[in-house]
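To start, the structure under review is shown below, and the notes come after it.
Number of protein chains: 2
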Amino acid sequence: SISQDIDHILETQSALAIDLGGTNLRVAIICMKGSVVKKYVQPNPRTFEDRMSLILRMCRDAMKDAVCLNCRILGVGVSTGGRVNPQAGVVLHSTNLIQEWSSVDLRTPISDALHLPVWVDNDGNCAALAERKFGHGKGVENFVTVITGTGIGGGIIHHNELVHGSTFCAAELGHIVVSLEGPECSCGGHGCIEAYSSGMALQREAKKLHDEDLLKVEGVDMKLSEPITAAHLISAARMGNSKADAILNKAATALGAGIINILHIVNPTLVILSGVLASFYQAPVQRIISERALFSTKGTKVVTSDLEEPALLGAASMVLDYTTRRIY
Amino acid sequence: SISQDIDHILETQSALAIDLGGTNLRVAIICMKGSVVKKYVQPNPRTFEDRMSLILRMCRDAMKDAVCLNCRILGVGVSTGGRVNPQAGVVLHSTNLIQEWSSVDLRTPISDALHLPVWVDNDGNCAALAERKFGHGKGVENFVTVITGTGIGGGIIHHNELVHGSTFCAAELGHIVVSLEGPECSCGGHGCIEAYSSGMALQREAKKLHDEDLLKVEGVDMKLSEPITAAHLISAARMGNSKADAILNKAATALGAGIINILHIVNPTLVILSGVLASFYQAPVQRIISERALFSTKGTKVVTSDLEEPALLGAASMVLDYTTRRIY
Ligand SMILES: [Ca+2]
Ligand SMILES: [Ca+2]
Ligand SMILES: [Zn+2]
Ligand SMILES: [Zn+2]
């Protein structure tokens, strides 16, 4: 029937999504319903030229596969670390997690090579877009997503739209300061939540404990094979190591205070945690909010994301939302 | 001429503005151009009943005067401490600065008594509206105003509109946390910028110094007549008292860090400081931002408000903007 044909056409609408992280460069074909049809992963090259040519090569390969997979690619969405001007499709500035990655026009070369429209935003904002389209943020007018992975990032949805800020520097949630004299942060500042609560920060503390031979639990084989990570700290604390527990408490308190600052500034309905540490932080952050936030924000709900690939799905959602909406 | 007549009619359009603060209850007739035509001040009564009847009495008096003053009152705007639901015209919740002031419908009784439309918002949001219509915020799409007076409050303008938040608790800027173990705050929390940088906090520190006989400067008559206030602390520091200077430095650093948190969350173009301490904090806050904020927000400008009556002007602006706009 005609309606089945139309359903079929709609289902084949897909996006090419690119995720540029500190470690890997990933490309994926993502269909309208949000499933990852095919994914390609390579180490992210260290130089600008190698990175750009690898991006284009991976995209061309994916475009070929998309034809065989019956996926009609409507455009390309890019998620990248750093500050992004999404109107221009340009990476303005990155930390040294991604080298040679400032003032980079991504739209022009990708669009020229593939003859497709290109959208670009940063990883935190893409994660928020992913939640809005496919995750816990569906139908929620005001929410914030906080990514607790190697670093800490995030995105803010206000009245159903991303908050980009006047210099595209809004929602730099990792660099919310919760201590004037706190530990040094990758940004050069002190006491940012990234310096307390990120995977990097926990790994730093785990290594310190391990160096002092304190990352152990009486009568338990901790299997402390290198590299020491945040996971070792968490399991030591769970098995009764009080020093590990104190470090994690401090990390959760700092993250909770940072999130309370978000609540007292934009007052969203919902906080979505994603990243590897999300499920660890969900309960303590919920508790800290109920203890320390202002009366009217104490009830703000904290949930853990159930999206597998927030950056890729968010990158895809820019393509899928813009190319299929009726009103421009 | 007809155009002169129309100009004259437009100029007579005015608002009744009410400001409900911790100390005073103030009513003013404010004309379209933003000048205060007449102002009425009374101590804010301690009980709900006394307060409501005084509000209505002062408004009725002002309405009579308005006729003689050739001011055509288009409506009533109310600025109050506490959390406000502006859609309902209801004060949801106040700190104990204003007693018996929770779940109070202000719109119905005022509107019933005066037969005029009534708008209500909190003092911080009204200050932001005042800047948008009459102050440094004119034509600025994204800005934040921070009031540093007895307490600390503020409002956020994003895409030319106030950010109210999902439970009307956005822009509670006084309760941004910058220290996990900081001094206790009026909200019950710890390390809020209000607990470091407000007039109350500085007065508390000034009194402590004075009690230890340390609020003095060698060879200078400090005229330390009671009550001891923030002003004594500032003049002691200016005349070389290093302890007073250290306290003020800490206060400015805390305020600066709190404002950096705002920059990293909503990234406005402009920060407007108002309240009695604004001119004192302007330079140090500008410096702290340039030293500690992320690269893309380092250049955010900090200015001091030049509005005499931000709360009253903001309350009036709700009336003047809504009753005279062409599109609803
Ligand atoms: Ca972000
Ligand atoms: Ca406010
Ligand atoms: Zn930082
Ligand atoms: Zn507080």
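Chains A and B, in that order, give the protein sequences.
So the first sequence is numbered by this note's numbering: it starts at 1 and just counts up by one.
So the second sequence is numbered by this note's numbering: it starts at 1 and just counts up by one.
Each residue gets a CB set at the ideal place from its N, CA and C atoms; glycine is no exception.
Predicted, not measured: the structure shown is a model, and the values here were computed from it.
Residues sharing a beta bridge with residue i, DSSP
| i | result |
| --- | --- |
| I29 (chain B) | B:L16, B:K38 |
| K301 (chain B) | B:L270 |
| I152 (chain A) | A:T148 |
| F376 (chain A) | Because chain A spans 1 through 328 in this model, residue 376 (chain A) falls outside it and cannot be assessed. |
| R72 (chain B) | B:Q13 |
| S79 (chain A) | A:D19, A:D121 |
| E184 (chain B) | B:H190 |
| S179 (chain B) | A:S179 |
| N85 (chain A) | A:V90 |
| L162 (chain A) | A:I157 |
| V329 (chain B) | With chain B running from 1 to 328 in the structure shown, residue 329 (chain B) is simply not present. |
| N24 (chain A) | A:P43 |
Residue i classed as buried or exposed, judged by whether at least 16 other C-beta atoms fall within 10 angstroms
| i | result |
| --- | --- |
| G258 (chain A) | buried |
| N267 (chain B) | buried |
| I9 (chain B) | exposed |
| C68 (chain B) | exposed |
| G188 (chain B) | exposed |
| A236 (chain A) | buried |
| T145 (chain B) | buried |
| H115 (chain A) | exposed |
| D112 (chain A) | exposed |
| V41 (chain A) | exposed |
| I110 (chain B) | buried |
| T167 (chain B) | buried |
| E205 (chain B) | buried |
| R332 (chain A) | One cannot answer for residue 332 (chain A) here, as it falls past the ends of chain A, which runs 1 to 328. |
| G299 (chain B) | exposed |
| N96 (chain B) | exposed |
| T253 (chain B) | buried |
| S225 (chain B) | exposed |
| I6 (chain A) | exposed |
| E363 (chain B) | This structure cannot settle anything about residue 363 (chain B), because the visible part of chain B is limited to 1 through 328. |
| R238 (chain A) | exposed |
| D50 (chain B) | exposed |
| G240 (chain A) | exposed |
| R107 (chain A) | buried |
| V271 (chain B) | buried |
Spatial neighbours of residue i in its chain, beta-carbon cut-off 7 Å, leaving aside the 5 residues before and after
| i | result |
| --- | --- |
| T304 (chain B) | L273, A278, S279, Q282 |
| A311 (chain B) | D19, S79, D123, C126, A127 |
| G199 (chain B) | G149, T150, A230, V276, L277 |
| K243 (chain A) | L209, L214 |
| A315 (chain B) | A17, I18, D19, G77, V78, S79, C126 |
| T324 (chain B) | Q13 |
| Q99 (chain B) | R46 |
8 Å contact criterion, which residue i and residue j should meet: CB distance rounded
| i | j | result |
| --- | --- | --- |
| I193 (chain A) | G174 (chain A) | 6 Å |
| S179 (chain A) | L180 (chain B) | 6 Å |
| V319 (chain B) | A15 (chain B) | 4 Å |
| P227 (chain A) | G256 (chain A) | 28 Å between Cβ atoms; not a contact. |
| N261 (chain B) | I176 (chain B) | 5 Å |
| T269 (chain A) | F143 (chain A) | 6 Å |
| A171 (chain A) | G155 (chain A) | 5 Å |
| S197 (chain A) | I152 (chain A) | 6 Å |
| V120 (chain B) | V84 (chain B) | 6 Å |
Beta-carbon proximity list for residue i, same chain, < 6 Å, skipping 5 on both sides
| i | result |
| --- | --- |
| Q13 (chain A) | M32, R72, L74 |
| P183 (chain A) | A195 |
| A28 (chain B) | A17, V36, K39, L312 |
| M222 (chain B) | K216 |
| N70 (chain B) | T12 |
| M58 (chain A) | V27, Y40 |
Close beta carbons around residue i, own chain, < 8 Å, minus the five adjacent residues each side
| i | result |
| --- | --- |
| N160 (chain A) | R132, E141 |
| P43 (chain A) | T23, N24, L25 |
| F134 (chain A) | G34, L307, L313, S317 |
| M63 (chain B) | L16, I73, L114 |
| S102 (chain A) | G82, V91, L92, H93, S94 |
When you check each C-beta in the stretch 266-297 of chain B against every C-beta of chain A, which residues fall closer than 7 Å? Those residues of the stretch 266-297 of chain B that come within reach of chain A (Cβ to Cβ, closer than 7 Å) are V266, N267, P268, T269, R292, L294, F295, S296, T297.
Identify each residue in the stretch 243-254 of chain B for which the Cβ-Cβ distance to at least one residue of chain A is less than 9 Å, and report them in chain order. Under the 9 Å Cβ criterion, the stretch 243-254 of chain B contributes K250, T253, A254.
What residues in the stretch 76-110 of chain B bring their beta carbon closer than 9 Å to a beta carbon of chain A? R83, L92, H93
Residues of the stretch 147-164 of chain A in Cβ contact with chain B at a cutoff of 8 Å, in chain order, please. I156, H158, V163, H164
Which residues, in chain order, does the stretch 181-207 of chain B contribute to contact with chain A at a C-beta distance below 7 Å? C187, G189
Output needed in chain order: residues of the stretch 296-312 of chain B with a Cβ under 9 Å from some Cβ in chain A. S296, T297, G299, T300
Residues of the stretch 118-146 of chain A whose Cβ lies closer than 7 Å to any Cβ of chain B, in chain order: N142
Beta carbons nearer than 7 Å to chain A: which residues of the stretch 18-40 of chain B have them? none
Tell me which residues of the stretch 53-76 of chain A have at least one Cβ-Cβ distance to chain B shorter than 7 Å, keeping chain order. none
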